[in-house]
Amino acid sequence: MSYLCDSRLSITLIILGSLTLASAQTSVSKNVSTLIDAKAKQFTGSPCTGDYEVKELKPATLKMLTALDFTYRGQADAIKKDGGKVIVQYIRPQRLLNIYTFSKAKGAKFLTAALVGPKNNAVLVTHQCTVVPQ
Amino acid sequence: MTIHSLPEPLRVQSAARKKHPAVLRTGTIAGALLIVGPLSNFSALAASSTPTTGIKINVTFVGMDADQHLLLKYGGVVLKTTLSGLKLNKGAGGVLGMFLPDGVRLQAEIITKGNIQSVILWKEKTNMNQQLLIQGVAQRIR
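Structure, rendered in structure tokens:
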């Protein structure tokens, strides 16, 4: 089961890494960080403490968002057994996924992924940051 | 044949249909369910609880853990799942290997979410949940 734990919390990179048009920003504008802060506070109860990261994937589909949800939920049990925590909220009508993860190795992270734009030309936008552990 | 020549219960039903065509449809559907119900045990496996997303994800079968959970690999990550509406029998690991050899490529249709998600496994167009139930590798849970 150890390989379950090795790859945890890097799920996003695994999925997103296979896409050619992915782009990541490690330094984000004030507007973007404020936006992520607000989302993090709403979902985890505390704003971000740093390590902001934004990714955009195009072309994106609802299947990709569902797959992201599937991977986090599928590992939740193993992470929990290792003293970690995973909270996943998938709001399908809004095409929005909110995830809180905590592990001893990587700390607490908040990730929000949203599918925006028309069905045939959608973009998957992910925002990630570190948060205060719950 | 007029309404008045029908026996009383049918006459009432026929009159109701004329007034409310939905009665006819409802009655037909109810009748069809009564007939089809016992025959559709297997399809009920998927349809009994939460509506399906209809989204299938390509996965690789890894194996079964000690708690009879199914391990599926997706994008380099091993995920713990269960078969929707089914429980794998104890000691089914060996038999399971006949139907799902290690590394076989499948599609997982997510049915319910939670800590451990339940899925329907598809091997091309074959519903593997049904196959495992028919072959006695898994049993139905309520």
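Quick note, the sequences are listed as chains A and B, same order.
Residue numbering for the first sequence is 438 to 571, as defined by the numbering used here.
Residue numbering for the second sequence is 316 to 457, as defined by the numbering used here.
Quick reminder that beta carbons are idealized off the backbone N, C-alpha and C, glycines included.
Since this is a predicted model, take the numbers as computed values, not measurements.
Counting pairs of Cβ atoms below 8 Å between the stretch 387 to 397 of chain B and the stretch 467 to 481 of chain A, do you hit three or more? no
Find the nearest neighbour of Lys546/A within the set Lys467/A, Tyr489/A, Leu472/A and Ser466/A, judged by alpha-carbon distance. Counting from one through the first sequence, the residue named residue 546/A turns up at place 109. The residue with the shortest Cα to Cα distance from Lys546/A is Tyr489/A.
Residues near Asn442/B in its chain [Cβ-Cβ closer than 7 Å; skip 5 each side]: Position 127 of the second sequence, counted from the start, is the residue given in the question as residue 442/B. Cβ neighbours of Asn442/B beyond the five flanking positions: Ile435.
Just confirm the distance between the C-beta atoms of Ala504/A and Ile372/B, as a whole number of angstroms; I'd bet it's less than 8 Å. Position 67 of the first sequence, counted from the start, is the residue given in the question as residue 504/A. Position 57 of the second sequence, counted from the start, is the residue given in the question as residue 372/B. Their Cβ separation, rounded to whole angstroms, is 5 Å, which keeps Ala504/A and Ile372/B in contact under 8 Å.
Interface residues of the stretch 491 to 519 of chain A facing chain B [CB-CB below 8 Å]: Leu499, Lys500, Thr503, Ala504, Asp506, Phe507, Thr508, Arg510, Gly511, Gln512, Ala513, Asp514, Ala515 and Lys517
CA-CA distance, Trp437/B and Leu499/A? Within the second sequence, the letter at position 122 stands for residue 437/B. Within the first sequence, the letter at position 62 stands for residue 499/A. For Trp437/B and Leu499/A, the distance between alpha carbons rounds to 20 Å.
Outcome for Leu354/B when other beta-carbon atoms lying within 10 angstroms are tallied against a minimum of 16: Position 39 of the second sequence, counted from the start, is the residue given in the question as residue 354/B. With a pLDDT of 37 at Leu354/B, under the threshold of 50, the predicted position of this residue should be treated as unreliable, and no value is reported.
Spell out whether any CB of chain A is found under 7 Å from the CB atom of Leu394/B. On the second sequence, residue 394/B is found 79 positions in, with the first residue counted as 1. True, the Cβ-Cβ gap to chain A drops below 7 Å.
With distances taken from CA atoms, which of Ala381/B, Gln422/B, His384/B and Gly409/B is nearest Val374/B? By 1-based counting over the second sequence, the position of residue 374/B is 59. Selected option, being the one with the closest Cα: Gln422/B.
Taking buried to mean at least 16 other C-beta atoms within 10 Å of its own C-beta, is Ala381/B buried or exposed? Locating residue 381/B in the second sequence gives position 66, where the first residue counts as 1. So Ala381/B counts as exposed.
What span of residues does the beta strand (DSSP E) with Leu387/B cover, start to end? Translated into positions along the second sequence, residue 387/B becomes position 72. Counting along the chain, the beta strand (DSSP E) containing Leu387/B begins and ends at Leu385 to Tyr389.
Please check if any C-beta of chain A sits within less than 7 Å of the C-beta of Thr450/B. Position 135 of the second sequence holds residue 450/B. Note that residue 450/B is Gln in the sequence shown here, rather than Thr. No, because no Cβ of chain A sits closer than 7 Å to the Cβ of Gln450/B.
Of all the CB atoms in chain A, is at least one closer than 7 Å to the CB of Asn404/B? Taking the first residue of the second sequence as 1, we reach residue 404/B at position 89. Judged by the 7 Å Cβ criterion, Asn404/B is not in contact with chain A.
Quick check on Asp506/A: buried or exposed, where buried means 16 or more other Cβ atoms within 10 Å of its Cβ? Here residue 506/A corresponds to residue number 69 of the first sequence, with the count starting at 1. Buried, by the Cβ-count rule.
Proximity test, Cβ basis, 7 Å: Gln383/B and chain A: Taking the second sequence and counting its residues from 1, one reaches residue 383/B at position 68. It does not; no Cβ of chain A falls within 7 Å.
Going by beta carbon distance, what residues of the same chain come within less than 6 Å of Ser470/A, once the five residues before and after it are set aside? In the first sequence, residue 470/A corresponds to position 33, counting from 1. Excluding positions up to five away in sequence, the list reads Tyr489.
7 Å is my cut-off, CB to CB: does Gln432/B come that close to chain A? Your numbering for residue 432/B matches position 117 in the second sequence. Interface residue, yes.
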